[in-house]
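Worksheet: the structure to be examined is printed underneath.
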Amino acid sequence: MSDERLYSVSIEVNGTLREAQVPARLTLVDFLRDTLRLTGTHAGCEHGICGACSVLLDGEPVRSCIMYAVQADGRKLTTIEGLAQPDGSPGALQDAFCEAHATQCGYCTPGMVIAAHALLEANPAPAEQEIREAIGGNLCRCTGYQQIVDAIKLAADRGSKGGL
Amino acid sequence: MSATGQSGFRYIGKKRRTKEDPRFVTGRGRFVADIALPGMKHVALVTSPHAAARIKAIRTDKALALSGVQYVLTGAELCAGTEALLPGVDAPKVTRYPLAHGVVRYAGEWVAAVVADTRALAEDAAEKIEIDYEATEYVLDPEKSIAPGAPLVHPAHGSNVLYRRKFVWGPVEEDFARAEHKLALRVRWGRSATVPIETFGIAAQWDPGQQLLDVWASIQMPKYPDQIARALRLPGNAVRVHFDVDVGGSYGVKRGIKHTVLVGYLAKKLGMPVRLIEDRLENMRGGDMHGPDRIFDLQLAFDSDGTIRSLKIRALDDVGAYAGRSPLQLGKPVGAIVGPYQIHSVEYEPISVMTNKTAQEAVRGFGQSPTNYALESGIDAVARHLGMDRIALRKKNFIRKDQFPYLIPSGTSYDSGDYHAVLDKALAAADYPALVAARDAARKAGRLAGIGISSCLEPSGGNSSFEPLFNPKNETTTWMDSCLVRIDLSGAITGVMNTSSSGQGHETLVATVLGEVLERDPDTIRVVHADSLNALPSNSPVGSRMAIMLGGAAAGAARKIKATLLAIAAHNLHKDVAELEYHEGSVSVKGEPGQTLSWAQLVEIAHRKFHQMPPGLEPGLQAKFVWEVPTGGGLPTADGRIQMYPCFSFEAHVVLVEIDPETGQPKLARYACGHDCGVMISPDIVHGMTFGGIAHGIGAALYEKFAYSDNGQLESQSFMDYLIPSALEVPALTIADHCTPSPHTTFGQKGSGEAGYLGAPAAIACAVNDALAPLGASIAELPMTPLQIWTRMQLARAGN
Amino acid sequence: MVPMKAAPFEYARPETLSEACSLLAEHGPDAKLIAGGQSLVPMMAMRLARPAWLIDIARLAELQHLTAPAEGHADEVFVVGAGVRQCVMERDARACANLPLLAKALRWVGHVQTRNRGTIGGSIAHGDTSAEIALTACVLDAMLELRDTAGVTEISAREFFLAPMVTAILPEQCLAEIRFPVWRSADKNIQRGCAFEEVSVRHGDFALVSACAQLELDADGRCLRAELGLGGAAPTPLALPEVGAQLVGAKLDEQAISAAAAAAVELADPEGDLHASADYRRHLARVLVERVLRAAQQDARSKVGT
Ligand code: FES
Ligand code: FES
């Protein structure tokens with residue numbers, strides 16, 4: 002291996018403190034995927050456009066490909082894995098994605114769910130345009146977004162009925 | 117065969133959750149980049165900065181000196197160690213290797229591969245490789261490329277033309293002579309592609325003990341394992357492709373054969389697991405996954421009443437510097453060359469030409485969407501010429517529902533359809549009168565608005581009849597697919613499919629079909645992907661074929677299981693099979709419900725009680741079914757007539773576009789699509805793919821282009837410049853379903869994997885031109901970007 | 148060849164601004180500051196930027212302030228710490244009330260995810276001609292406070308941008324805060340309005356051209372004060388005080404607006420690229436200046452009596 006300097010990071014990921022030694026240039030998405038083997042977060046462009054790599058940083062959606070792991074030291078992350086039920090089955094929002102068939106190849110899906118989660122936390126009853134804006138930074142090539150928008154509406158409806 | 121339409125099924129056509137979604141929504145898909153092999157090494161690529169050049173020298177020592185670097189591979193070694201990849205047409209001198217050797221033919225072409233402990237280290241080393249080039253002449257324009265004296269992309273081939281033939285089907289000249297009107301137009305389909313959000317990736321590992329190459333790849337490609345083995349000079353059974361890798365979208369392009377040969381070679385040579393996950397720039401540039409780039413010259417002959425008599429199409433397609441199956445993308449449209457219209461005769465001249473650009477690969481529809489765009493542009497031109505309503509003109513020329521099966525001049529028989537009904541449904545879904553009112557109101561208020569209509573076919577049930585059509589040396593007449601069904605001792609059902617999936621929901625498809633035939637709950641059925649060594653034959657999910665071919669194979673296998681269960685029951689109940697009835701897995705004597713053998717009992721007999729098995733039956737409970745494409749099996753006639761695909765889905769698009777009269781920015785205000793793909797096995801999946809296809813079509817129509825600079829550099833190589841539409845560009849989409857069952861398929865299903873994309877670009881182009889019409893402006897080129905639209909508006913305004 | 152993994156670098160996360168300045172002084176041009184990194188990290192991934200040192204100032208408390216001017220003062224400044232994230236600014240009611248133009252500009256900046264990381268100062272320091280925040284700073288004639296080990300330097304935003312991605316900041320300097328002038332007065336008869344518009348191919352993309360304006364009108368609708376500018380229409384964000392001055396005293400009728408737009412276009416000097424030719428950008432500049440002047444006027448009128 003190379004002689005690149007390593008930095009200690011300790012990051013709370015999905016409620017568990019994770020500590021590692023990483024090179025400064027390791028992006029957060031590579032850290033999650035390769036170091037922690039949390040492969041639910043995907044890389045689609047690695048230059049900050051597609052949103053596939055979205056995670057929640059202290060509750061806010063960010064793109065993990067344009068952030069280095071060292072920048073996340075000491076902070077809290079939630080990834081797609083962290084939005085599932087403890088037994089790994091889909092959480093409420095994820096279940097709405099299943100009900101509306103809001104995923105096809107599944108590649109953009111983790112980022113979409115993260116973006117939708119952040120939206121619904123901030124705005125439990127979003128209008129269609131607000132939904133589209135919230136996922137406007139997440140590209141999907143499979144779905145044409147229609148069933149994703151439907152899923153988020155469904156999750157919001159269910160949430161308003163106490164389901165989320 | 118069924119003519120019951122969408123009803124009369126137990127599971128088919130019902131709103132049901134898919135089997136795949138739960139793993140994807142929780143981030144538990146297993147994509148190629150998720151696969152970590154112990155000690156795996158990573159590849160970075162050194163690519164050509166020139167559109168064309170001779171490679172004078174490659175110096176790798178500085179790269180090799182870096183710690184963590186395992187190997188540097190160049191073209192000389194790789195070309196000596198592997199077989200060339202060949203194009204799908206007869207052009208043996210147009211060879212392709214994963215790495216350039218001696219010359220480079222486009223900017224971005226791979227020249228050397230570095231293997232290192234991490235990708236970042238591999239990139240560090242790649243920077244240190246020094247290559248001396250001597251730039252040579254290049255050609256970027258396909259029209260210049262076919263002209264005499266053009267620099268040759270592959271001099272050994274003697275020409276830049278890969279394929280050219282003029283087909284004449286029917287009395288074209290007579291029909292032209294007799295027609296009251298003729299017109300000619302030129303339209304251009306810009307270079308775009310499917311650009312999945314997951315790039316292509318491959319990981320490979322060589323086991324010297326077993327002499328076996330294991331391959332995990334994000335692949336969607338027919339005959340992939342065979343091609344790997346051939347190129348690596350291995351027997352076919354020394355390559356094992358794992359089809360259980362989730363593919364993050366493909367829509368045609370994920371044909372990383374060159375990537376695989378490179379990585380397979382390295383894995384074997386180095387004795388280490390090696391992987392190459394394209395980064396986005398590689399994917400867009402050297403990944404060889406651009407789509408068709410076509411100039412169409414059309415001539416139409418028609419009468420004053422709108423009857424279109426004859427059609428001439430010349431299609432010049434720029435495939436870039438190398439070709440796999442891309443020239444054949446001019447071949448598939450032969451099977452729907454007249455679209456949904458009764459056109460008596462056709463002349464078709466496809467020309468596949470090479471230039472110094474990234475190579476073309478299969479894109480959703482395999483050449484059909486550009487052809488549909490050209491044809492629909494022609495229909496609109498006729499309407500304008502005659503001052504006739506576009507809808508009325510289409511309806512006048514549509515094949516009527518009582519005319520099926522309908523033989524088109526190029527030799528394909530369309531199975532079924534009701535084009536008038538579907539177009540009407542689309543118009544109703546769009547509330548056409550309201551759309552017209554909205555457009556006219558916008559125009560009155562000084563804004564630009566236009567309505568677009570398109571109606572087109574989706575040939576489905578993907579066959580490969582264009583191979584023998586375009587290459588007489590190739591006598592491929594089967595394009596089978598298969599399914600294996602096993603019932604285990606516990607009575608659980610497992611379906612085995614034989615290819616990877618890239619978002620089409622095949623596991624749901626197989627489970628639904630098995631459940632339907634065996635009357636067992638699909639939720640209890642598991643579907644797995646075989647690897648290529650234990651797989652039955654498959655030709656992968658291309659050409660909108662899986663609902664038909666995999667669905668048909670699954671049904672065939674399930675019916676065999678059912679027949680076995682009935683035979684076991686007949687033997688044990690001492691009855692004739694005709695006296696029995698099958699219900700939800702148990703078998704009873706008709707009229708004597710007490711006389712029943714349950715599913716569990718039947719399964720137990722098959723697995724344990726050979727003494728209760730009827731003579732001649734195999735023990736265990738499994739069945740395979742290999743299905744040839746319905747209507748397939750024939751070779752083309754001498755004049756190039758062929759039954760291309762078996763089934764023909766139909767779609768009609770209605771769209772309202774508004775254009776900012778000052779900035780030229782288009783905005784889709786309303787979008788409706790009428791769609792008939794026969795019986796839908798999983799409506800949510802069909803709708804999803806159709807929505808996605810429309811969005812992709814919006815991209816091709818308005819946003820996406822692989823643009824080249826004059827010196828042959830790809831300018832749109834990142835997501836900052838190659839613009840995939842987001843949820844803010846794609847409007848709310850409405851689909852109106854219609855069901856005309858196909859007579860050729862198990863349940864009346866047709867294909868839908870390319871739906872939406874096949875008609876959206878045509879409809880949007882039509883709408884933009886309708887919006888620009890009051891200015892006297894028009895655009896005959898995709899994508900219609902704001903810059904393009906504004907430029908046309910300026911020219912028109914200056915002219916007025 | 149363009150990779151998608153950054154070249155190696157060293158990382159430091161100083162605890163204080165002065166420590167950050169010392170690090171900058173030590174490493175000079177080899178170092179680069181990172182806050183949100185929303186523009187820098189992609190450039191580093193492609194190795195278009197390859198600093199040997201990355202100094203992370205995202206968490207410096209000294210850069211997180213949002214300070215509103217005291218009530219009752221006319222033309223005070225609203226001070227924004229350079230490290231304030233765009234999302235924080237956009238949600239801050241006082242900031243939006245005091246700097247309505249910036250609030251409007253922020254709606255055009257990237258997407259939710261990038262605004263959650265991107266900072267006000269970072270966007271300015273990056274020096275992109277099409278950056279909305281940079282344009283707003285120029286149009287409002289904000290003052291930028293630059294810090295280094297020697298102390299504090301101030302520079303007007305209008306003098307800060309030199310060329311595409313080139314600013315007046317020295318390698319050892321850190322942008323510490325931005326002081327945006329706040330337009331207000333006790334005179335209830337003065338109507339104030341602003342507008343921000345841009346054209347991009349897709350939502351959230353870099354603007355092909357952007358324009359913004361902020362106006363004060365008297366009770367008769369006569370222009371008392373006007374500032375406007377263009378992004379993407381010149382190598383740097385372009386404030387157009389001379390065009391604003393030309394509007395003062397006039398009623399903003401269509402004639403005045405179109406004269407202002409024509410004057411603005413005279414001062415524009417756009418480049419052509421893949422998505423927009425220079426001519427198209429000039430045209431958009433004219434259209435957008437007209438639009439923001441109309442919209443700002445409308446905005447002002449809509450507030451009568453409030
Ligand atoms: S991978 Fe991070 S935005 Fe595309
Ligand atoms: S589901 Fe495939 S990219 Fe969105």
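Chains as they are written, first to last, in this note's numbering: chain A, 2 to 165; chain B, 117 to 916; chain C, 148 to 453. Quick reminder that beta carbons are idealized off the backbone N, C-alpha and C, glycines included. Computed from a prediction, not measured in an experiment: that's the story for all the values here.
Per DSSP, A/Q22 lies in no alpha helix (DSSP H) segment; the continuous beta strand (DSSP E) that holds it begins and ends at T17 to P24.
Remark: fewer than three beta-carbon pairs, one from each stretch, lie closer than 8 Å, so the segment 224-231 of chain C and the segment 16-29 of chain A are not flagged as touching. With a threshold of 16 other beta carbon atoms within 10 Å, B/K541 meets it and is buried. Within the same chain, Cβ atoms closer than 6 Å to the Cβ of C/V439 are found at A342, E344, A358, C359 and A360, the five residues on either side in sequence being excluded. Judged by pairs of C-beta atoms under 8 Å, the segment 733-751 of chain B does not touch the segment 632-641 of chain B, as fewer than three such pairs exist. In the displayed model, B/S571 falls within a strand according to three-state DSSP. With its beta carbon at least 8 Å from every one in chain B, C/R197 lies outside the interface.
DSSP, read as helix, strand or coil, puts B/L432 in strand. Ranked by Cα distance from B/A196, the options B/L180, B/Y213, B/V773 and B/Y187 are led by B/Y213. By the Cβ rule, the segment 376-395 of chain C counts as touching the segment 403-423 of chain C, because three or more pairs are nearer than 8 Å. According to the DSSP assignment, B/A679 belongs to the alpha helix (DSSP H) that extends over M662 to L689.
When distances are taken from the beta-carbon of B/Q336 to the heavy atoms of ligand 2, even the shortest one reaches 7 Å or more. Leaving aside the five residues that flank C/S277 on each side, the residues in its chain whose CB is nearer than 7 Å to its CB run, in chain order, F353, A354, S357, G378 and G379. Annotated as proximal: B/F412 and B/V303, with beta-carbon spacing under 8 Å. One residue list follows from the rule of a beta carbon closer than 6 Å to any heavy atom of ligand 1, given in chain order as A/A44, A/G45, A/C46, A/E47, A/G49, A/I50, A/C51, A/G52, A/A53, A/C54, A/R64 and A/C66.
For secondary structure counted as the alpha helix (DSSP H) over 4 or more consecutive residues, the segment 479-527 of chain B holds these complete runs in sequence order: 484-502 and 506-513. With respect to the C-alpha of B/A232, the residue from B/A242, B/P258, B/L299 and B/V185 having the closest C-alpha is B/V185. For A/R142, the Cβ falls inside the 7 Å cut-off from some heavy atom of ligand 2. In this structure, B/G286 has its CB at a distance of at least 7 Å from all heavy atoms of ligand 2. Across the set C/E301, C/P328, C/R429 and C/I204, the C-alpha of C/I204 shows the shortest separation from the C-alpha of C/E162. Comparing alpha-carbon positions, the option among C/H212, C/T266, C/V329 and C/A407 lying closest to C/V436 turns out to be C/A407.
Remark: the C-beta of B/G143 is outside contact range of ligand 2, defined as less than 7 Å to any heavy atom. Looking at the DSSP output, B/T190 sits in a beta bridge with B/A228. C-alpha of B/R144 to C-alpha of B/S571: approximately 39 Å in a straight line.
Taken through DSSP and simplified to helix, strand or coil, B/F835 comes out as coil. Here B/D800 is not near B/V538, since their CB atoms are 8 Å or more apart. In terms of side-chain proximity, the C-beta atom of A/C109 is found nearer than 7 Å to a non-hydrogen atom of ligand 2. Look at B/G365: its beta carbon is less than 7 Å from one of the heavy atoms in ligand 2. If you check the C-beta of A/C106 against ligand 2, you find a heavy atom less than 7 Å away.
For B/L911, same chain residues with a beta-carbon under 8 Å away, outside a window of 5 residues either side, are A893 in chain order. By the Cβ-count criterion, B/G707 is exposed, with fewer than 16 other Cβ atoms from all chains shown falling within 10 Å of its own Cβ. At a cut-off of 8 Å between beta carbons, C/E157 contacts chain A. Listed along the chain, the chain B residues whose CB falls inside 7 Å of the CB of A/C54 amount to none; the nearest CB is some 11 Å away.
Out of B/N650, B/M760 and B/A878, the CA that lies nearest to the CA of B/A816 is found in B/A878. Under the 8 Å Cβ criterion, the segment 39-59 of chain A counts as touching the segment 181-189 of chain C, having at least three qualifying pairs.
DSSP places B/Y381 within a helical segment (H, G or I) once states are collapsed to three.
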